[in-house]
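Asks:
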Amino acid sequence: MADFKLTILWSDWLIYLLVVTLAIFFINLARDAVTRKRWRKVFVSPLGSASFLVIVFYVAIALLDSVHFRLPLQQLEGSDTVHYSQEVNSLLDLTLQDLRGNDEKTYSEPFAIYSFAKENRTLDSGQVVRDFPRLEHAGSHLPTGKPASADIFERTMHALVVGALLTLALWLLIWVLRWGLGLSSGQGLQASAWLPWKSILLTLGALVLVSTWVMQLGGYYHILGTNKVGQDVLFQAIKAVRTGVLIGTLATLLTLPLAVGLGIAAGYFKGWVDDLVQYVYTTLSSIPGILLIAASVLLIDVYIETHPEQFQLTAERADFQFLALCFILGMTSWTGLCRLLRAETLKVSQLDYVQAARAFGVSNGRIIGKHILPNVTHIVLIALVLDFSGFVLAEAILSYIGVGVDPSMASWGNMINEARAELSREPVVWWSVAAAFSMMFVLVLAANLFADKVRDAFDPRTVG
Amino acid sequence: MLAYIIRRLFYAIPILIGVNLLTFALFFMVNTPDQMARVQLGDKYVDPQAIEAWKSQRGYDKPLFLNDREGSEGLLTDTIFFDKSIRLFALDFGKSDEGRSISADIYQRMWPSLAVALPTFVIGLAVNIALALFVVMFRASLFDTAAMVACVVLMSISGVFYVFAGQYLFAKLWNLVPISGYLAGLDAAKFLILPVIIGVIGGIGSGTRLYRTLFLEEAGKDYVRTARAKGVPELTVLFRHILPNGLIPILTSVVVVIPSLFMGSLLVESFFGIPGLGSYTLDAIQAQDFAIVRSMVFLGSLLYIVGLILTDISYTLVDPRVRLS
């Protein structure tokens with residue numbers, strides 16, 4: 003285990019970049035008093051803080067899942083070169099080792115210890131019977147005669163106690179931190195009293211409890227059952243978090259420079275630049291988004307199929323397709339932001355201080371950087387948070403249509419796509435699609451609630 | 016007015032040319048017809064003759080822009096660009112890669128699309144406006160807050176979930192309507208109920224929320240305050256003042272989608288097996304039939320641009336203060 007090869011995919015680099023940018027962004031925020039006040043307004047509301055924590059939780063999972071490496075294969079006798087496995091693992095895979103390793107043969111219900119499908123078995127007496135076989139892994143620790151429900155109950159109780167202790171420890175840690183930070187400003191606990199601590203602590207507690215429960219029981223049972231090829235559904239749903247979070251952020255971020263650059267240029271320089279930019283975005287936005295996406299994804303597929311030499315690993319190919327999808331999604335949606343930025347820049351560049359700067363002979367670049375850009379950032383921010391949930395939902399639909407992410411990549415869309423056949427079975431296989439929908443729902447709901455708060459705080463029309 | 020409309024139509028031409036060039040570049044220059052043929056034919060049959068045959072059958076063997084080969088019928092007209100792109104302007108969509116006439120298919124399939132999309136649009140609009148007005152009646156109360164939370168929750172649920180849940184409850188559990196399928200004529204009704212209901216429910220969250228904002232904006236204006244100060248009853252204020260004035264931004268904002276109703280919905284049509292343009296496009300995407308996808312991109316843009324022009328016209332119709340110049 004000492005030896006491994008770090009394999010950083012392109013999307014991994016982008017997510018690191020994203021986190022660093024956000025960190026710089028937040029540090030910068032702390033400098034500006036007005037922006038600080040607005041953020042304070044977002045986090046003062048219990049809903050805003052709680053939804054933010056849920057989003058952070060998802061992003062943390064996505065980050066864990068973005069440190070990829072490949073383990074070495076068994077070395078041949080007398081050979082010096084080390085070959086690495088084709089399988090790409092991530093830190094999340096290590097954390098959830100218990101969930102990942104226990105593949106069954108096929109479907110099994112949540113918490114089941116018997117398979118979902120009947121199988122022929124030969125008894126000791128030579129007789130062949132047809133019934134539900136025991137699962138290979140789930141519940142295999144049970145001593146004979148002990149019912150699974152009792153064991154699940156005991157383990158749940160145990161997990162809750164552990165979780166509660168962890169939660170208390172976390173709360174204590176936060177209290178100490180608050181106190182320590184408050185001391186340095188001489189205000190004690192008062193310094194951070196404006197935050198809605200009750201909802202923050204409760205949300206953290208809930209997240210800790212759920213994670214402990216999953217970690218404690220995941221190794222013994224399939225909490226959300228298994229899918230067609232016997233993989234743990236919960237594990238698949240958690241792996242899909244990275245896809246969802248990345249598609250929500252990268253789709254906007256990849257085309258953000260384009261939208262900001264063109265939008266500000268059109269609003270500031272006016273004249274033929276404005277005409278050109280308006281022409282470009284009207285043309286792009288007149289193409290039905292889903293068709294443009296489908297057409298572009300088809301073309302990407304053709305490119306991948308005709309250039310196999312560029313993609314050695316399956317994961318690399320899937321990653322390329324994924325990034326292309328993000329880019330295309332961004333291409334179909336940047337026009338809205340561009341239009342807003344153009345209108346706002348038109349307004350801002352008429353203001354007295356911009357006119358004054360121009361009269362003083364300040365260069366265009368400096369005026370844009372110093373006066374225009376800071377005054378339109380709130381629009382970018384609002385667009386960013388508002389678009390996020392839309393992209394997460396779009397991924398599910400695109401994967402269903404067959405122009406989404408690579409089928410080898412875990413995603414909620416792919417899980418839902420498979421569910422079509424599962425739902426028409428009798429009895430219905432509902433757990434896979436339920437897992438995908440609920441994981442997606444929690445993320446999208448948190449994002450929507452947070453976006454609302456951000457818009458309320460930053461949109462001048464609502465700020466008044 | 017007429018002069019304005021004619022001028023707007025002229026403005027639309029460069030945009031359509033742009034769409035046309037973009038799709039042409041995407042479909043023929045980023046990927047050559049050779050690559051398309053290779054993907055279509057699959058790995059088994061790939062040999063140069065098969066590719067040539069595939070291309071000539073579909074007219075992809077001509078040069079892109081200029082045909083200076085001997086025996087060609089025209090320097091500019093006997094090219095892929097002319098055949099596959101310029102002809103779109105005359106709404107001549109040509110033949111699909113399968114060899115069927117795309118125009119005939121579109122004409123045949125647009126009616127089922129419309130049969131689903133039009134009722135969904137009208138009922139959805141009515142339901143959303145009614146709900147928004149109801150919420151506005153109780154504005155700034157606990158009910159208002161609860162309704163808005165419910166809207167966000169509805170918005171956060173994936174559209175696919177509504178389809179699954181609807182099919183399971185209405186068709187499988189209660190046996191009220193068939194799960195999917197379509198019949199021509201009046202028999203279509205029983206197949207249409209479920210998709211329309213699902214379509215309406217799926218739009219309630221975002222629609223109600225948006226219209227509530229628009230109504231609230233109206234409710235904050237001076238004339239509303241004046242009416243109340245005069246002692247006009249609250250309900251009369253709501254229905255006589257806020258509703259008609261709030262309808263203006265709502266109606267003008269939905270005009271743009273009306274022409275696109277012909278295109279149908281990709282998702283709903285494919286889930287409910289309705290043979291409309293949405294499922295037509297989807298089948299083409301899944302079969303990688305580039306000719307159909309290209310035609311639908313062009314048609315979609317055309318309808319959108321028509322929608323934009325209609326929006327401008329509707330502004331003047333509902334609000335005489337707006338002058339078109």
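First to last, the protein sequences are chains A and B. Just so we're aligned: 225 in the working numbering is position 223 of the first sequence, and the numbers increase by one with no gaps anywhere. Just so we're aligned: 173 in the working numbering is position 158 of the second sequence, and the numbers increase by one with no gaps anywhere. Ideal placement from N, C-alpha and C gives every residue a C-beta, glycine not left out. Keep in mind the model is a prediction, meaning the values are calculated, not measured.
#1: Using only the alpha-carbon positions, how far apart do methionine 411/A and lysine 241/A sit?
#2: In the structure shown, what three-state DSSP assignment does serine 117/A receive?
#3: Say whether chain A places a C-beta atom closer than 8 Å to the C-beta of isoleucine 28/B.
#4: Quick one: what's got a C-beta closer than 7 Å to aspartate 153/A's C-beta in the same chain, skipping five residues either side?
#5: Between the Cα of glutamine 50/B and the Cα atoms of Val431/A, Leu300/A and Leu65/A, which residue gives the shortest distance?
#6: With DSSP collapsed to three states, give me the class of tyrosine 86/A.
#7: Locate the alpha helix (DSSP H) running through valine 61/A, then write down its first and last residues.
#8: Whose Cβ in chain B lies nearer than 8 Å to the Cβ of serine 298/A?
#9: Around the Cβ of tyrosine 226/B, are there at least 16 other Cβ atoms within 10 angstroms (buried) or fewer (exposed)?
#10: Alpha carbon to alpha carbon, what distance is there between lysine 110/B and proline 48/B?
#11: Going along chain B in order, which residues have a C-beta closer than 9 Å to the C-beta of glycine 404/A?
#12: Would you tell me roughly how many angstroms separate the C-alpha atoms of valine 203/A and serine 391/A, rounded to the nearest one?
#13: Check the DSSP bridge columns for alanine 91/A and list the partner residues they point to.
#14: Taking only beta carbons into account, state which residues of the region 308 to 325 of chain A come closer than 9 Å to chain B, listed in chain order.
#15: Could you tell me if phenylalanine 28/A is buried or exposed, where buried requires 16 or more neighbouring beta carbons within 10 angstroms of its beta carbon?
#16: Could you give the distance in angstroms between the alpha-carbon of valine 151/B and the alpha-carbon of glutamine 323/A?
#17: Under a CB-based cut-off of 8 Å, is phenylalanine 28/A close to chain B?
#18: Could you pull the start and end residues of the beta strand (DSSP E) that arginine 132/A belongs to?
#19: So is serine 472/A buried or exposed if we call it buried at 16+ other beta carbons inside 10 Å?
#20: Using a Cβ-Cβ cut-off of 7 Å (strictly less than) and excluding sequence neighbours within five positions of histidine 13/B, which residues of its own chain qualify?
#21: Per DSSP, what kind of secondary structure is asparagine 122/A in: helix, strand or coil?
#22: Please list, in chain order, all residues of the same chain as threonine 228/A whose beta carbon is under 7 Å from its beta carbon, the five residues on each side excluded.
#23: Measuring alpha carbon to alpha carbon, tell me which of Thr254/A, Arg457/A, Thr347/A and Leu94/A ends up nearest glycine 371/A.
#24: Count the other C-beta atoms from every protein chain shown that fall within 10 angstroms of the C-beta of methionine 442/A, then say buried if there are 16 or more, exposed otherwise.
#25: Tyrosine 2/A touches chain B at which residues, Cβ-Cβ below 8 Å?
#26: Taking 8 Å as the cut-off, does the region 389 to 408 of chain A touch the region 241 to 253 of chain A (at least 3 CB pairs, one atom from each stretch)?
#27: Would tryptophan 414/A pass as a contact of glycine 246/A if the rule is Cβ separation under 8 Å?
#28: Does methionine 3/A come out as helix, strand or coil in the three-state DSSP assignment?
#29: Got a sec, what are the start and stop residues for the alpha helix (DSSP H) aspartate 237/B sits in?
#30: When the cut-off is 8 Å and only beta carbons count, does arginine 53/B lie next to chain A?
#31: From the DSSP output, in three-state form, read off threonine 47/B for me.
#32: Indicate the three-state DSSP secondary structure (helix, strand or coil) for aspartate 159/B in the structure shown.
#33: What separation, rounded to the nearest whole angstrom, lies between the Cα atoms of proline 63/B and isoleucine 300/B?
Replies: The short version:
#1: In a straight line, the C-alpha of methionine 411/A is about 9 Å away from that of lysine 241/A.
#2: The answer is coil: DSSP assigns serine 117/A none of H, G, I, E or B.
#3: By this cut-off, isoleucine 28/B is not an interface position.
#4: Same-chain partners within the cutoff: Leu144.
#5: Nearest to glutamine 50/B by C-alpha distance, out of Val431/A, Leu300/A and Leu65/A, is Leu300/A.
#6: Here tyrosine 86/A sits in strand by DSSP.
#7: Note, valine 61/A: alpha helix (DSSP H), 48 to 66.
#8: Ordered by position in chain B, the residues that pass the 8 Å Cβ test against serine 298/A are Leu41.
#9: With 16 or more other Cβ atoms inside 10 Å of its own Cβ, tyrosine 226/B counts as buried.
#10: Rounded to whole angstroms, proline 48/B to lysine 110/B spans 16 Å at the Cα level.
#11: Within 9 Å Cβ-Cβ: Leu297, Ile300 and Gln301.
#12: The amino acid at residue 203/A is misidentified as valine; the sequence shows leucine. Spanning the two alpha carbons is a distance of roughly 25 Å.
#13: Reading off the sequence, residue 91/A comes out as asparagine, not alanine. Residue pairing by DSSP puts asparagine 91/A in a beta bridge opposite Phe71/A.
#14: If you check each beta-carbon in the region 308 to 325 of chain A against every beta-carbon of chain B, the ones closer than 9 Å belong to Thr308.
#15: Here phenylalanine 28/A is exposed. Its C-beta has fewer than 16 other C-beta atoms within 10 Å.
#16: Cα to Cα, valine 151/B sits roughly 46 Å from glutamine 323/A.
#17: Residue-level contact check: phenylalanine 28/A does not touch chain B, since none of the beta carbons of chain B fall below 8 Å from its beta carbon.
#18: Segment 130 to 133, the beta strand (DSSP E) holding arginine 132/A.
#19: Beyond the ends of chain A as shown, which are 3 and 466, falls residue 472/A; an answer cannot be given.
#20: Residue 13/B is absent from the model: chain B starts at 16 and stops at 340.
#21: Here DSSP, grouped into helix, strand and coil, assigns asparagine 122/A to strand.
#22: Result list for threonine 228/A: Glu106, Tyr109, Ser110, Asp234 and Val235, in chain order.
#23: Selected option, being the one with the closest Cα: Thr347/A.
#24: Burial state of methionine 442/A is buried, judged by a 10 Å Cβ sphere holding 16 or more other Cβ atoms.
#25: The question about residue 2/A has no answer, for chain A in this structure spans 3 to 466.
#26: Judged by Cβ distances under 8 Å, the region 241 to 253 of chain A makes contact with the region 389 to 408 of chain A, as three or more pairs qualify.
#27: The criterion of a C-beta distance shorter than 8 Å is satisfied by tryptophan 414/A and glycine 246/A.
#28: Note that methionine 3/A scores a pLDDT of 44, beneath 50, so its modelled location is shaky; the value from the coordinates is reported in the next line. DSSP places methionine 3/A in coil when its eight states are reduced to three.
#29: Note, aspartate 237/B: alpha helix (DSSP H), 237 to 244.
#30: It does; some Cβ of chain A falls within 8 Å.
#31: Here threonine 47/B sits in coil by DSSP.
#32: Reduced to three states, the DSSP call for aspartate 159/B is helix.
#33: In this structure, the CA atom of proline 63/B is about 25 Å from the CA atom of isoleucine 300/B.
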